[in-house]
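Everything below concerns the one structure shown next.
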Amino acid sequence: MKKEIKIIVDTLIKTYPDARCELLYETPFQLLIATVLSAQTTDKKVNEVTEKLFKTHGDLNSFLTLTEEELREKIKVIGLYKTKSKNIMNLCKILKEKFNGEVPKERDLLITLPGVGRKTANVVISNCFGVQAFAVDVHVFRVSNRIGLAKANTPEKTELELMKNIDENLWTICHHTIIFHGRRCCTSRNPKCEECTIKSYCNYYKNKHL
Ligand code: SF4
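With my numbering, letter number 145 in the sequence shown gets 1083, and the count goes up by one each step, no holes.
See the structure below:
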């Protein structure tokens, strides 16, 4: 890992010692559902819904007692709720029929499930199964390219560059700290550059101030 990247990563880890997944969950199944629900929606909104939903429907078997219409009703305050209800009900059926009721631990199997892309699979395997992974969401994409940890124009290429530039044992913690930084400091509009702990190393800041 290059010296400058190591300084950025170390500083972000020190700045956000409590960085972690902000979705509420107790099991891999709950995190999988919460992450599918979180597409194009805030974690806060998802948590408001799942806090109630998981009290009555916290596992696969209880989800399988729901109809798609009943699930729609329970998640209707979340964006894209019709598509998400359909995907989740199909996903539950496949988990039961093909995976013995268990959430698979492998990325390649997870991405075969409806509504589950590489980002969702990476969230599940890194948080639940101890696999080092970068889940590139809008925050990770924006922040890592602004700083210069990656120089890429798609989430997929950004993930590959982050994996190349950062030591593997730091991928998951780095992913959490970059998301925390994106939500709290390096926001999409008006990033708080003057109070940023890594501004001296950030390409966006250097380009603006040199
Ligand atoms: S200096 Fe500004 S653009 Fe760079 S990481 Fe910090 S907040 Fe983001």
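Even glycine gets a Cβ: it sits at the ideal position worked out from N, Cα and C.
Pull up the CB-CB distance for residue i and residue j, whole angstroms please, since I reckon it's below 8 Å.
i     : j     : result
I1085 : Y1019 : Not a contact, Cβ separation roughly 34 Å.
I1117 : D1075 : 7 Å
C1112 : V947  : 6 Å
T1164 : S1064 : The structure shown does not extend to residue 1164, since the chain is modelled only from 939 through 1148, so no value can be given for it.
F967  : D997  : 6 Å
C1030 : F1001 : 5 Å
Rounded to whole angstroms, what's the CA-CA distance from residue i to residue j? Just pull it up for me.
i     : j     : result
T973  : P955  : 23 Å
E1132 : T965  : 39 Å
C1134 : H1114 : 17 Å
P1042 : G1055 : 14 Å
N1028 : P1052 : 7 Å
N999  : T980  : 27 Å
Q1070 : T1005 : 36 Å
In the DSSP assignment, the alpha helix (DSSP H) including residue i goes from what residue to what residue?
i     : result
K1036 : Y1019 to K1036
Q968  : P966 to L975
N1065 : R1056 to C1066
Is it the case that the Cβ atoms of residue i and residue j are separated by a distance below 8 Å?
i     : j     : result
I1032 : L1009 : no
S976  : V987  : no
L969  : L961  : yes
N1060 : A1073 : yes
Mind checking whether the beta-carbon of residue i lies closer than 7 Å to any heavy atom of ligand 3?
i    : result
V947 : Ligand 3 is absent from the structure shown, which contains only ligand 1.
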